[in-house]
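Residue numbers (this note's numbering): -16 to 232.
Heads up, the thing below is written out as structure tokens.
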């Protein structure tokens, strides 16, 4: 079972961003995708989830042997695909506990009742919130309103844990966090891998790799995969940056 793209090309308006992208993420492994700013990493994340702004003009997205290239976002999510955003938006008026409850009810197929929150979910969410380094009162705050960068990353991880998807895309999970925060997120990622989740980590500086050892690493530049291998690629980027890939076509 795997999530993969086959010769995927994506445009935004008249601009082509991804060029024949082929990647494969299997259950129980961590794939780190690195690349300089503007290389198309976040475009890939949104294309995988079916954002309507990102037009697929070539190639396929395959989820557990199902071609989901033309599926709407909600159907991809129900099939087991989850995304933690790089820059999550504020949702004034919606408490985090209410959002988690909506996720849980949708996942179980129940009708959503905004006035009814599952007490078992709240107990579970309070425990997970503590594990992520936050106070349980955090659940009663409006989603991302006034959150620090680190709080947003912890909130996104809490939402992913509630969704419990088969494949998880984490867009810059180590940005905005101090060392202790990155360690907590890294430990959570490792526990998800041990539970059989496939995890795609998108980053450009790979601080998270101090706490998560990837199964494979891919380097992206100008909308293409230009190198792949193991942890040695991360060490190369840390020492030399992306200059060796600047002229790769």
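Virtual Cβ for every residue (Gly too), placed ideally from N, Cα, C.
Opposing strand residues paired with residue i [DSSP bridges]
| i | result |
| --- | --- |
| residue 13 | 182 |
| residue 125 | 78 |
| residue 65 | 151 |
| residue -7 | 1 and 39 |
| residue 50 | 45 |
| residue -15 | 9 |
Buried versus exposed, by CB contacts within 10 Å (16 or more), residue i
| i | result |
| --- | --- |
| residue 292 | Within the shown structure, residues of the chain are numbered from -16 to 232, placing residue 292 beyond reach of any answer. |
| residue 197 | buried |
| residue 48 | exposed |
| residue 139 | buried |
| residue 60 | buried |
| residue 91 | exposed |
| residue 40 | exposed |
| residue 148 | buried |
| residue 103 | exposed |
| residue 164 | buried |
| residue 195 | buried |
| residue 73 | exposed |
| residue 229 | exposed |
| residue 193 | exposed |
| residue 57 | exposed |
| residue 174 | exposed |
| residue 99 | exposed |
| residue 223 | exposed |
| residue -7 | buried |
Residue of the options minimising C-alpha distance to residue i
| i | options | result |
| --- | --- | --- |
| residue 107 | 56, 90 and 141 | 141 |
| residue 219 | 205, 24 and 188 | 188 |
| residue 70 | 81, 60, 28 and 33 | 28 |
| residue 64 | 159, -10, 163 and 46 | 46 |
| residue 13 | 5, 172, 124 and 36 | 172 |
| residue 182 | 159, 154 and 209 | 154 |
| residue 81 | 72, 92 and 101 | 101 |
| residue -16 | 123, 7 and -7 | 7 |
| residue 184 | 24, 177 and -5 | 24 |
| residue 124 | 52, 170, 83 and 39 | 83 |
| residue 157 | 144, 177, 136 and 209 | 136 |
| residue 4 | 211, 217 and 193 | 211 |
| residue 43 | -5, 199, 79 and -12 | -12 |
| residue -2 | 37, 11, 208 and 10 | 37 |
| residue 167 | 177, 133 and 186 | 133 |
| residue 131 | 57, 53 and 160 | 160 |
| residue 169 | 178, 152 and 190 | 190 |
| residue 87 | 144, -8, 221 and 227 | 144 |
| residue 10 | 58, 177, 57 and 214 | 177 |
| residue 79 | 51, 127 and 52 | 127 |
| residue 76 | 129, 26, 50 and 53 | 129 |
| residue 227 | 213, 209 and 150 | 209 |
| residue 52 | 186, -14, 89 and 105 | -14 |
| residue 89 | 105, 146, 50 and 54 | 146 |
| residue 213 | 207, 221 and 199 | 199 |
beta-carbon residue i near the ligand GDP non-hydrogen atom, thresh 7 Å
| i | result |
| --- | --- |
| residue 146 | Looking at this structure, you won't find the ligand GDP or any other ligand, since it has none at all. |
is_contact[residue i, chain D] using C-beta, thresh 8 Å
| i | result |
| --- | --- |
| residue 205 | Any reference to chain D falls outside this structure, which holds one protein chain only. |
So, do the region 10 to 29 and the region 199 to 213 have three or more beta carbon pairs nearer to each other than 8 Å?
yes
Unbroken stretches of the alpha helix (DSSP H), 4 residues or longer, contained in the region 176 to 228
214 to 223
Does the contact criterion of 3 or more C-beta pairs under 8 Å hold for the region 50 to 69 versus the region 101 to 115?
They do not touch, by the three-pair rule.
Please give the ranges of any alpha helix (DSSP H) in the region 112 to 165, keeping only runs that are unbroken, at least 4 residues long and fully inside the region.
132 to 146
Report yes or no: do three or more beta-carbon pairs, one from the region 30 to 45 and one from the region 117 to 133, lie closer than 8 Å?
no
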